[in-house]
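Numbering (my numbering), first residue to last: 46 to 431.
As structure tokens, then:
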């Protein structure tokens, strides 16, 4: 059995007659047919081949195959963004009258899907407290189709026990869909714990350099077929160029994420001792309330550290204005360290009460720890904290 790093590097398309070492770009909207019968059979799905890049493309196929091998999935489909993956996956699986049980602590745009858009199609949801997984049973109804969650969560870096979620989903015969973006397939494979589908924003750690937007969903073949058929018509497919970039990026995912995690843990340990910080959350800090769960299901803690600045909103504003080296941005998983204030950016569309229920305080700071030297990262945050 090939190791993770080897699969990431050696999973490639079959070489063309040019015998290229690096896979070429297939920047084409469509593909040609040998004759009328070939064209008919291809559209009738009697043949497995490329027809149109909205359906499939060699570059997107290679990217999908790599992620499937990393996650232990049967099949997948790649999208133009992470949110395209979330929406298209859920829309493909849900019908009017269906119900979703979701973690309260999820990305702000996913909250907006559940609260503002799915109700238009008579798709309802119930939120569960991430610290009380036993409450999920009571939320499941005859119309519940799936359980949805992130772990680690965005932005609070909380941990949900995937094994427990998998057992609950199996007991009630509902699907388990996990957003695995913060961990990446290198650190965590939710399918091992019972997930039916796994979603990623390829924009984050998969790309790793803040260059392209992308998303991907992988999992059981029969479910991916539904996602594919919905997406082939609605058109959220990834561009061949972005898929090519991501497939090359995955070759260095393991070495990059190792350094991200090393830097993040050192920063978290530093922040725990800082007198201007109320609390720090990082999955592999022993003080994290779900440290043992994180150790069970993750290889390391990831690139994101959350903490609260003493002094609330005003102190937080001063902290952000004092940052010199790190970037003020809403992205994460970049080579460059990024500082974000979730309450005023990624989760600003939520009410104060909704943010509080998701574990987001007014003074919370989310840092995506990059690949700069850790001494320089710590120095900038230290001086900004004053």
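Glycine included, C-beta positions come from ideal geometry on N, C-alpha and C.
Within a 10 Å sphere around the beta-carbon of residue 59 sit fewer than 16 other beta-carbons, which makes this residue exposed. Cα atoms of residue 134 and residue 429: separation of roughly 41 Å, rounded to the nearest angstrom. Residue 326 is bridged by DSSP to 351. Put simply, the backbone Cα of residue 344 is about 43 Å away from that of residue 88. Within the DSSP bridge table, the entry for residue 172 names 147 as partners. In this chain, residue 406 is not harboured by any alpha helix (DSSP H), its DSSP state being neither H nor E. Using a C-beta cut-off of 8 Å, the segment 171-178 makes contact with the segment 138-158, since at least three inter-stretch Cβ pairs fall below that distance. Under the 8 Å Cβ criterion, the segment 260-276 counts as touching the segment 229-246, having at least three qualifying pairs. Runs of the alpha helix (DSSP H) lying entirely within the segment 217-259 and spanning at least 4 residues, in chain order: 229-232.
Your pair residue 125 and residue 288 does not check out as a contact, with CB atoms roughly 10 Å apart and the cut at 8 Å.
Inter-residue distance for residue 130 and residue 200 is about 19 Å (C-alpha atoms, whole angstroms).
8 Å or more divides the Cβ of residue 350 from the Cβ of residue 298. Put simply, of 293, 410, 49 the residue whose alpha carbon is nearest the alpha carbon of residue 68 is 293. Judged by their CB atoms, residue 379 and residue 280 are not nearer to each other than the 8 Å cut-off. With a cutoff of 8 Å on beta-carbon distance, residue 283 and residue 105 are scored as near each other. Residue 382 and residue 74 have their alpha carbons spaced roughly 36 Å apart. Per DSSP, reduced to three states, the secondary structure at residue 363 is helical. The segment 216-229 and the segment 351-361 do not touch, with fewer than three beta-carbon pairs separated by less than 8 Å. The C-beta distance from residue 246 to residue 127 rounds to 3 Å, short enough to fall under 8 Å. Along the segment 281-331, the alpha helix (DSSP H) occurs as fully enclosed runs of 4 or more residues at 285-295, 298-317, listed in sequence order. Under the three-state reduction of DSSP output, residue 190 falls in the strand class. Measuring C-alpha to C-alpha distances from residue 305 to each of 242, 93, 91, 417 identifies 417 as the nearest.
Scanning its chain for C-beta atoms nearer than 7 Å, with the 5 sequence neighbours on each side dropped, one finds around residue 370 the residues 421, 425, in chain order.
Per DSSP, residue 384 lies in no alpha helix (DSSP H) segment; the continuous beta strand (DSSP E) that holds it begins and ends at 383-385. Using a 10 angstroms sphere on the CB of residue 118, the tally of other CB atoms reaches 16 or more, which defines it as buried.
Here residue 194 is buried, its C-beta having at least 16 other C-beta atoms within 10 Å. Cβ-Cβ distances below 7 Å link residue 166 to 141 in the same chain, with the five nearest sequence neighbours on each side left out; the list follows chain order.
In the structure shown, residue 371 falls within a coil segment according to DSSP collapsed to helix, strand and coil. In the structure shown, the three-state DSSP call for residue 380 is coil.
Separation of the CB atoms of residue 156 and residue 190 is rounded to 18 Å, and the pair is thereby denied contact status at 8 Å.
Check the Cα spacing between residue 209 and each of 348, 339, 431: the tightest is with 339. Selection 154, 61, 94 evaluated against residue 77 yields 94 as nearest (Cα-Cα). Taking every protein chain shown into account, the CB of residue 243 has 16 or more other CB atoms within 10 angstroms, so this residue is buried.
Assigned with DSSP and collapsed to three states, residue 98 falls in coil, not helix or strand. For the options 368, 112, 97, 92, the alpha carbon positioned closest to that of residue 56 is the one of 112. When the beta-carbon positions are compared, residue 168 and residue 181 stay at least 8 Å from each other.
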